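S.K.:
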Amino acid sequence: FWEVISDEHGIDPAGGYVGDSALQLERINVYYNESSSQKYVPRAALVDLEPGTMDSVRSGPFGQLFRPDNFIFAHLHRGTEEKQE
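Position one of the sequence shown corresponds to residue 3 (the numbering used here), numbered consecutively onward.
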């Protein structure tokens with residue numbers, strides 16, 4: 003999903019704008035927040051009970067795009083839940 007959206011809006015995997023049309027930046031705030039360093043960060047919270055899924059996203063081609071605090075996951079341990087962030 004984020005690869006397609008990033009391509010449509012001219013955002014590279016590190017969050018920089020590399021597009022060639024002002025139209026790409028129109029309504030970009032629907033999907034991204036612009037940081038003070040002029041990088042675009044997805045407006046998303048990634049939630050899963052399996053930390054391995056989050057590791058796959060982080061190590062993927064667009065893993066740098068997300069802020070670390072946007073990942074929320076939990077470990078289930080002996081029937082109890084331990085929250086991890």
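Yeah, the Cβ is synthetic: ideal placement off N, Cα and C, and Gly gets one too.
Nothing here was measured: the structure is a model prediction, and the numbers come from that model.
1. Pairs of beta-carbons, one from the region 44 to 57 and one from the region 66 to 75, closer than 8 Å: are there three or more?
2. Tell me the DSSP secondary structure of Ala76 in three-state form.
3. Starting from Val49, follow its DSSP beta bridges and name the residues at the other end.
4. Taking its Cβ as the centre, do 16 or more other Cβ atoms sit within 10 Å of Leu67, making it buried, or is it exposed?
5. Can you list the beta strand (DSSP E) stretches of 3 or more residues lying completely in the region 18 to 62, in chain order?
M.R.: With the given structure in hand:
1. Yes, they touch.
2. In the structure shown, Ala76 sits in a strand (DSSP, three-state: E or B).
3. Listed as beta-bridge partners of Val49 by DSSP are Ile74.
4. Residue environment analysis places Leu67 among the buried positions, since at least 16 neighbouring C-beta atoms fall within 10 angstroms of its C-beta.
5. 34 to 36, 42 to 44, 48 to 50, all fully within the region 18 to 62.
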